[in-house]
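Here the structure comes first, spelled out in structure tokens, and everything after it is commentary.
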Amino acid sequence: MPAFHRKKKGRSDGYTASGFKGMFGKLLDQALEEKVITKRFTFHDLRAYYVTQHKEERGSLPDLHANPATMARVYDRSKTVKRKGL
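When you number the sequence shown by the working numbering, it's gap-free, plus one each residue, and the end is 190.
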């Protein structure tokens, strides 16, 4: 199954937003059924996962954003965040 493009009358067109969401959901269902993954996640979680894994393996954040502070603030999921109680 192609990951990001579909064939239509001899040419390759990108998926619509709803088509991509549906395809990604079906792939997640299949991966859950085959026990490749243990829980669902969103497509946007992939960047945060990569950033966190990169930091754990190499000790630094990857260079994926123009502003490194944004990369650390938004995508680094390894940090502990202290919150006030309700």
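Even for Gly, the Cβ is constructed at its ideal location relative to N, Cα and C.
Classification of residue i by the beta-carbon crowding that lies within 10 angstroms, buried from 16 upward
i      : result
Pro106 : Here the model assigns Pro106 a pLDDT of 47, short of 50, so the residue's position is not dependable, and the following value carries that caveat. Answer is exposed; the Cβ neighbour count stays below 16.
Close-in-space but distant-in-sequence residues of the same chain around residue i (CB under 7 Å, 5 per side omitted)
i      : result
Ala135 : Ile141
Phe128 : Phe147
Cα-Cα separation between residue i and residue j, rounded to whole angstroms
i      : j      : result
Gln157 : Met175 : 13 Å
Asp149 : Leu190 : 27 Å
Ser122 : Lys130 : 12 Å
Arg144 : Leu132 : 7 Å
Glu160 : Thr120 : 35 Å
Gly118 : Arg162 : 34 Å
Gly126 : Ala170 : 31 Å
Val178 : Leu168 : 12 Å
Thr184 : Lys139 : 29 Å
Pair within 8 Å by beta-carbon distance, residue i and residue j
i      : j      : result
Ala152 : Arg181 : yes
Val155 : Pro166 : yes
Residue i beta carbon near the ligand GDP (any heavy atom closer than 7 Å)
i      : result
Leu190 : This structure lacks the ligand GDP; in fact it carries no ligand of any kind.
C-beta neighbour in chain D for residue i, strict 8 Å
i      : result
Arg151 : Of the protein chains in this structure there is only one, and it is not chain D.
Beta-carbon proximity list for residue i, same chain, < 6 Å, skipping 5 on both sides
i      : result
Thr146 : none
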